[in-house]
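As you go down the protein sequences, you meet chains A and B in turn.
All the letters of the first sequence, read from the start, carry residue numbers 89 to 434 under the numbering used here.
All the letters of the second sequence, read from the start, carry residue numbers 89 to 434 under the numbering used here.
First the structure, in the form of structure tokens, and then the observations on it.
Number of protein chains: 2
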Amino acid sequence: MRAPTISQVAKEAGISVATVSRVMNQKGAVSPETTQKVLQAIERLGYQPNIWGRNLRRGESQVVLVMVPNVTNPYYAPIIAGAEDTLSAAGYSIMLCITNMDRARRRHYVDLMRNRRADGAILMDISVDDRDMVQLSEEYPLVQCCEYCESAAISHVSIDNFSAAREAVSRLAALGHTRIGYIGAKNSFISTALRHKGYRSALEELSIPLHPGYEDFAGRDYSFSTGVEAAGRLLEQKERPTALFCVSDVLALGALQAARERGLRVPEDLSVVGFDDVEYASMFQPRLTTIRQPCYRMGALAASLLLRQMQGEAGGQAMFLPHEWVSRDSTAPWPLNHTFSVSNDL
Amino acid sequence: MRAPTISQVAKEAGISVATVSRVMNQKGAVSPETTQKVLQAIERLGYQPNIWGRNLRRGESQVVLVMVPNVTNPYYAPIIAGAEDTLSAAGYSIMLCITNMDRARRRHYVDLMRNRRADGAILMDISVDDRDMVQLSEEYPLVQCCEYCESAAISHVSIDNFSAAREAVSRLAALGHTRIGYIGAKNSFISTALRHKGYRSALEELSIPLHPGYEDFAGRDYSFSTGVEAAGRLLEQKERPTALFCVSDVLALGALQAARERGLRVPEDLSVVGFDDVEYASMFQPRLTTIRQPCYRMGALAASLLLRQMQGEAGGQAMFLPHEWVSRDSTAPWPLNHTFSVSNDL
């Protein structure tokens, strides 16, 4: 069972967290009655002020770990920037830990936290439910960002990956595509799993039969070469897809390359949709149609949740920020002629 | 004055550092005569085994700070990967510190080292000579990577930026270009300054008059939009450059965009050369001609130098790794017709 939190004390006393905090820190004007209520609630619940909050006040650590699987995917940069801006405004520095999705490395970094070298952590590399993490979240301020444990009450920030993937596939279908390929990954990210579910769900709703040969689970990582190879396999099929939905922009850029290598024009012969809207998605020719994640805001929000936990609030919030369909030059109606004649009729 | 180092002990004793290390650690077969020589040299110099070496043996910290200006430039990713692979093989974890080139942030991270939260540091954000850093390097194991203090004896790893820039400009001149523009930056990186010197030096050697209007110092950072704007200014000139040498690939990709916006074909109407060979330089169309830096090896070498310092060796080594001219699709002879007729004559 979790130790009682400052939020529970506030609830028990029937007053705000801010007031409880003022009583505990003996700062600001609080009536004797309110002080009494707070002290009684603290006693009833057996509440002990959070050790991390104390460290904060004593200025002992002021470091937050930010764990990422890698820094080669440009997706992480704006998230890290958002977290850092928010944390540094509150007097914290971040230390970025690259885990390479390796359990031993991750554990090593967690030990740094146990040894009081950091006050809390934002985790971006843990997707599957992980007993260690759940246990850790009972002891230390933790927030997950992008990836999260579905069954656990760890605070997390992400978009609704299922709905975003459904929207991407529905948009392609609305353009006339029925042969829609999927390029995924063999990783354990919940985001990848939800995007795959969203792809299948959209096909089902649209009554487009699932073609197993149109699903390619590429590699473990999201790399350009993985995208080239996966798209190559899909495009070599007898009846090739006319559109590809890729679970990351980097995979989609690989798909553009695979199309070029086969003399296929994008978007005339093939539509390609990415995911994330990384910085260079709009630098390429054709500029990539994609699902934009509000990465900077996700990082900033994860940092805010963590700061609140470090000041004694309870964790367990699930925050979903809105995604955005960004239509650029890599998608077009199918078949193109048909649509032209339609638009001529208007 | 620097405290005597294990290297000086080795020199004084007239034997190798490895042997001195064996004597000090009482490991391996060493003759009594040699042991005697080492002990005498240690006494003469007043040598004290390095505190960091002791920490290493006691397993006290095992963390190395890696300071980068940002993670948004993909240039840093393979350097960090090289450093991490080398350090983790030696039992170290890295903590990546994003300084945003801010002195206060950098100082904060340095304090972490002073507080023994890290054993040493690889610095990638410090370019100008910096008294703080020089002093720090007397006390802690430090290696600079990419950027370095020219006047200080801090170990560093980089390419020869001056020669690399000279080569790029000379290659463009060899293709027939004489109107060669320069896109630089207003930062304090020594690499930027040396590339600019190399540009000017090549022009001088080739007796191409310097055209002040062909030099654009863009912004402080290397961003795509900065490259678009800088190239835009150069291309709007009455007699526009026929080739652009950019001090980073990201700026060069911006230059490609500026050319597209003006209906200029690359490489037919304009040659563009980048610098670094970041991962996506070869994903673009046209694939970018650039100077390749051996980033992974630079990171790995910086880590090796740091490990040796942490085991007691002296710092102060300057290591320059070879760069490589990578000719792709963004450069062509000038004027193109003239060259065709020449090749027809062959």
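Cβ atoms here follow ideal geometry from the backbone N, Cα and C, with glycine treated the same way.
When you compare the CB positions of residue i and residue j, do they come within less than 8 Å of one another, or not?
i	j	result
S239/A	L344/A	no
R84/A	R416/A	Nothing about residue 84/A can be read from this structure; chain A reaches only from 89 to 434.
G342/A	S313/A	yes
A369/B	L358/B	no
V222/B	A390/B	no
Y197/B	V152/B	no
R254/A	G286/A	yes
A101/A	V108/A	yes
A331/A	L395/A	no
P423/B	G170/B	no
C233/B	M201/B	no
A420/A	P355/A	yes
E172/A	I182/A	yes
A165/B	V156/A	no
G86/B	S336/B	The requested residue 86/B is not part of the displayed model; chain B covers only 89 to 434.
N161/B	Y384/B	no
Considering just the uninterrupted stretch of the beta strand (DSSP E) at residue i, what are its terminal residues?
i	result
Y183/A	Before going further, note that residue 183/A is Met rather than Tyr in the sequence given. First-last of the beta strand (DSSP E) with M183/A: 181–186.
E349/B	Here E349/B belongs to no beta strand (DSSP E); instead the alpha helix (DSSP H) covers 337–349.
T378/B	378–380
Q232/B	230–233
E412/B	412–414
Y270/A	268–271
L435/A	Given that chain A is displayed from residue 89 to residue 434, the structure contains no residue 435/A and the question cannot be resolved.
S246/A	243–247
F312/A	First-last for F312/A: 312–323, but that is the alpha helix (DSSP H), not the beta strand (DSSP E).
A331/B	331–334
G208/B	208–211
M155/A	151–156
In chain B, which residues lie with their C-beta within 7 Å of the C-beta of residue i?
i	result
A177/A	Under the 7 Å cutoff, chain B gives no residues; its nearest Cβ is about 12 Å from A177/A.
Would you say residue i reaches chain B, if we count a Cβ-Cβ gap shorter than 8 Å as a contact?
i	result
R146/A	With a pLDDT of 44 at R146/A, under the threshold of 50, the predicted position of this residue should be treated as unreliable, though the coordinate-derived value follows. False, the Cβ-Cβ gap to chain B never drops below 8 Å.
F458/A	With chain A represented from 89 up to 434, any question about residue 458/A goes unanswered, as that position is not in the structure.
A165/A	yes
F312/A	yes
W140/A	With a pLDDT of 36 at W140/A, under the threshold of 50, the modelled position of that residue is not reliable, and no figure is offered here.
V105/A	no
N143/A	Summary for N143/A: the model assigns pLDDT 40, below 50, so the residue's position carries little reliability; its value from the coordinates is reported in the next sentence. No, because no Cβ of chain B sits closer than 8 Å to the Cβ of N143/A.
Going along chain A in order, which residues have a C-beta closer than 8 Å to the C-beta of residue i?
i	result
S181/B	C185, R193, H196, Y197, L200
T160/B	P162, A165, P166, A169, E367
Q345/B	M371
Taking Cβ positions only, does residue i come closer than 8 Å to chain A?
i	result
F333/B	no
C237/B	no
F416/B	Phe is not the amino acid found at residue 416/B; the sequence shown has Arg there. No, its Cβ sits nowhere closer than 8 Å to a Cβ of chain A.
R323/B	A quick correction: the sequence has Leu, not Arg, at residue 323/B. No, L323/B does not count as interfacial toward chain A.
R353/B	no
R205/B	yes
V216/B	Reliability fails at V216/B, whose pLDDT of 47 lies under 50, so the model's placement of it is uncertain and the value that follows must be treated cautiously. Closer than 8 Å: no.
E100/B	no
For a contact meaning CB atoms closer than 9 Å, what does residue i contact in chain A?
i	result
E172/B	I186, N188
Just confirm the distance between the C-beta atoms of residue i and residue j, as a whole number of angstroms; I'd bet it's less than 8 Å.
i	j	result
V414/B	F333/B	Contact flag wrong, Cβ pair sits at about 14 Å.
G315/B	V338/B	6 Å
G404/B	S279/B	Not quite, the Cβ-Cβ distance comes to about 20 Å (not below 8 Å), so this is no contact.
G272/A	H284/A	5 Å
V366/B	Y163/B	5 Å
V154/B	I210/B	5 Å
L64/A	D304/A	In this structure chain A extends from 89 to 434, so residue 64/A is not present and cannot be described.
L184/A	I168/A	6 Å
Determine the chain A residues that contact residue i at a beta-carbon separation under 7 Å, and present them in chain order.
i	result
L341/B	M371
Which stretch, first to last residue, makes up the alpha helix (DSSP H) that contains residue i?
i	result
A192/A	191–202
Y164/B	164–177
A406/A	Looking at the DSSP string, A406/A is not in any alpha helix (DSSP H); the run it does join, the beta strand (DSSP E), is 406–409.
S359/B	No alpha helix (DSSP H) contains S359/B, which is instead part of the beta strand (DSSP E) from 359–361.
V118/A	Element bounds for V118/A: n/a, residue is neither H nor E.
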